[in-house]
């Protein structure tokens, strides 16, 4: 679905110009100011790409904990220009905005409304800043959004390929698996439901749950993930699997971060009890993820938003770039909320910013002035966690549940279910 209106093209062009300007500014700040604009992770990516260019494993670079494919994608950083990766991430960022626009148009929103909601992503300080600083999360966001668009187009195999690639690039999208399977129910597969499978016996029930689309999506996405992981293992051995995947399940971080578990893990760092706390942190995540997938799976865009937000705010490690993962879904859920953004939205934004700035105040004193503020940071993290839970609860309470599909067709959003952006 082409972007035809001049206003739409102008807004996307403005988003591009803004990002290009920040790329140029970033060069200036890196050269002349003490605090660098470029994300430290970007240097890690580039060093890993240099290791591959020299015929070595990318995991020779300490703290490289990503798929080797990312380092391969950034080989032009070595051979062409060191900022190639930033341009790539900006391109993925803008393509993500384009996919959001197409999803909203496919759900029946007029051009003006669709692009207005897309502006939440195109001009959000986090999306603009994170991609231009050289963080690769825009690739994962793009792949997840692409999977959603393709499944709306009934291109199930391609959707599964995009989803499998997203999980390979960063393991966290695996939390969407159950929601995708719940979504692939009778509404999506109505044209293929047969009389033989419509009985009330246990066997018929199992057949309905294991419908062809669910099996196809699971086999294709899971098969691609296994294939890519096996290829990386063949090239770089167990270290690849550990750094790219297993590490993230066992990770305990003694660095300050937004997680409500940070202080407990800090006090128990490198101890058996710390490892146990890290594993126990998965329980509230897992319980919430199953409940949300079951309740909202048919309304897939909202399910992905809620699942991401729950995963981030309950995670045992939470940094600012994680917020990007659920911000990407905001343009898709805002049309379905009854929240009056004239005042409630402003109050929610103010509470979120206030919670974050309060945390940053204590983090600044710890990081820049060497003051022991670990306990105060933890309290600030608890406050920020409570704010995020409150915001998610408000979205759930005011959400107008609208299945993405009904009787094999995309269900359009009706005007009465749209939120107000004023």
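Residue numbers (UniProt numbering): 1 to 422.
All C-beta atoms, glycine included, are put in the ideal place defined by N, C-alpha and C.
Can you check which of these residues, the options, is closest to residue i by C-alpha distance?
i: residue 323; options: 378, 243, 121 and 291; result: 121
i: residue 63; options: 42, 79, 55 and 77; result: 42
i: residue 102; options: 90, 116 and 89; result: 116
i: residue 384; options: 330, 352, 154 and 401; result: 352
i: residue 150; options: 17, 180 and 87; result: 180
i: residue 105; options: 314, 81, 5 and 80; result: 5
i: residue 131; options: 162, 320 and 54; result: 320
i: residue 375; options: 266, 349, 40 and 18; result: 266
i: residue 162; options: 112, 188, 222 and 211; result: 222
i: residue 331; options: 395, 268 and 343; result: 395
i: residue 355; options: 380, 154 and 373; result: 380
i: residue 318; options: 258, 211 and 110; result: 258
Using the C-alpha atoms, what's the distance from residue j back to residue i?
i: residue 143; j: residue 220; result: 15 Å
i: residue 386; j: residue 95; result: 33 Å
i: residue 11; j: residue 126; result: 17 Å
i: residue 347; j: residue 22; result: 29 Å
i: residue 152; j: residue 304; result: 14 Å
i: residue 29; j: residue 124; result: 21 Å
i: residue 241; j: residue 141; result: 22 Å
i: residue 250; j: residue 61; result: 20 Å
i: residue 299; j: residue 173; result: 17 Å
i: residue 8; j: residue 114; result: 9 Å
i: residue 108; j: residue 413; result: 6 Å
i: residue 51; j: residue 91; result: 25 Å
i: residue 316; j: residue 245; result: 16 Å
i: residue 193; j: residue 159; result: Note that residue 193 scores a pLDDT of 47, beneath 50, so its modelled location is shaky; the value from the coordinates is reported in the next line. Cα to Cα, residue 193 sits roughly 21 Å from residue 159.
i: residue 231; j: residue 239; result: 13 Å
i: residue 237; j: residue 40; result: 26 Å
i: residue 24; j: residue 34; result: 17 Å
i: residue 370; j: residue 397; result: 42 Å
Using C-beta distances below 6 Å, list every residue in its chain close to residue i, excluding the 5 sequence neighbours before and after it, in chain order.
i: residue 243; result: 59 and 65
i: residue 97; result: 118, 121 and 122
i: residue 49; result: 71, 74, 75, 77 and 78
i: residue 175; result: 289, 307 and 311
Grouping DSSP H, G and I as helix and E and B as strand, with all else coil, what is residue i?
i: residue 371; result: coil
i: residue 344; result: helix
i: residue 35; result: coil
i: residue 402; result: coil
i: residue 409; result: strand
i: residue 337; result: strand
i: residue 383; result: helix
i: residue 211; result: coil
i: residue 13; result: helix
i: residue 315; result: coil
i: residue 425; result: A question about residue 425 goes unanswered here, because the residues of the chain that appear run from 1 up to 422.
i: residue 284; result: helix
i: residue 55; result: coil
i: residue 162; result: helix
i: residue 78; result: helix
i: residue 365; result: helix
i: residue 191; result: With a pLDDT of only 48 at residue 191, under 50, the local geometry of the prediction cannot be trusted, and the value read off the model is given with reservation. Looking at residue 191 - three-state DSSP - the assignment turns out to be helix.
i: residue 47; result: helix
i: residue 112; result: helix
i: residue 5; result: coil
Can you list, in chain order, the residues of its chain with a C-beta nearer than 8 Å to that of residue i? Leave out the 5 residues immediately preceding and following it.
i: residue 290; result: 178
i: residue 195; result: Because the pLDDT at residue 195 is just 48, under 50, the model does not fix this residue reliably, and the value given afterwards should be weighed accordingly. Same-chain partners within the cutoff: there are none.
i: residue 377; result: 256, 262, 263, 359, 362, 363 and 366
i: residue 36; result: 29 and 30
i: residue 168; result: 67, 69, 224, 225, 228 and 229
i: residue 214; result: 181 and 184
i: residue 145; result: 96, 99, 100, 103 and 328
i: residue 382; result: 260
Here's a check: name, in chain order, each residue in its chain whose Cβ is nearer than 7 Å to the Cβ of residue i, leaving out the five neighbours to either side.
i: residue 191; result: For residue 191, the predicted model reports a pLDDT of 48, less than 50, meaning its position is unreliable and no value from the coordinates is stated.
i: residue 326; result: 305, 308, 309 and 312
i: residue 44; result: 61, 63 and 64
i: residue 302; result: 296, 333, 336 and 399
i: residue 428; result: The question about residue 428 has no answer here: the residues shown for the chain are numbered 1 through 422.
i: residue 427; result: Residue 427 cannot be examined here, being either before or after the span of the chain that is shown, 1 to 422.
i: residue 284; result: 314
i: residue 293; result: 178, 179, 182, 303 and 307
i: residue 345; result: 339
i: residue 165; result: 143 and 224
i: residue 233; result: 240 and 241
i: residue 53; result: 75 and 78
i: residue 281; result: 261 and 316
Against chain B, with Cβ distances strictly below 8 Å, would residue i count as a contact?
i: residue 54; result: Of the chains in the structure shown, none is chain B; there is only one protein chain.
Kindly give me the distance between the Cβ atoms of residue i and residue j, rounded to whole angstroms, as I take these residues to be in contact under 8 Å.
i: residue 183; j: residue 404; result: 7 Å
i: residue 139; j: residue 84; result: Their Cβ separation, rounded to whole angstroms, is 14 Å, which puts residue 139 and residue 84 out of contact at 8 Å.
i: residue 38; j: residue 134; result: 5 Å
i: residue 27; j: residue 128; result: Their Cβ separation, rounded to whole angstroms, is 16 Å, which puts residue 27 and residue 128 out of contact at 8 Å.
i: residue 248; j: residue 171; result: 6 Å
i: residue 402; j: residue 411; result: 6 Å
i: residue 82; j: residue 46; result: 7 Å
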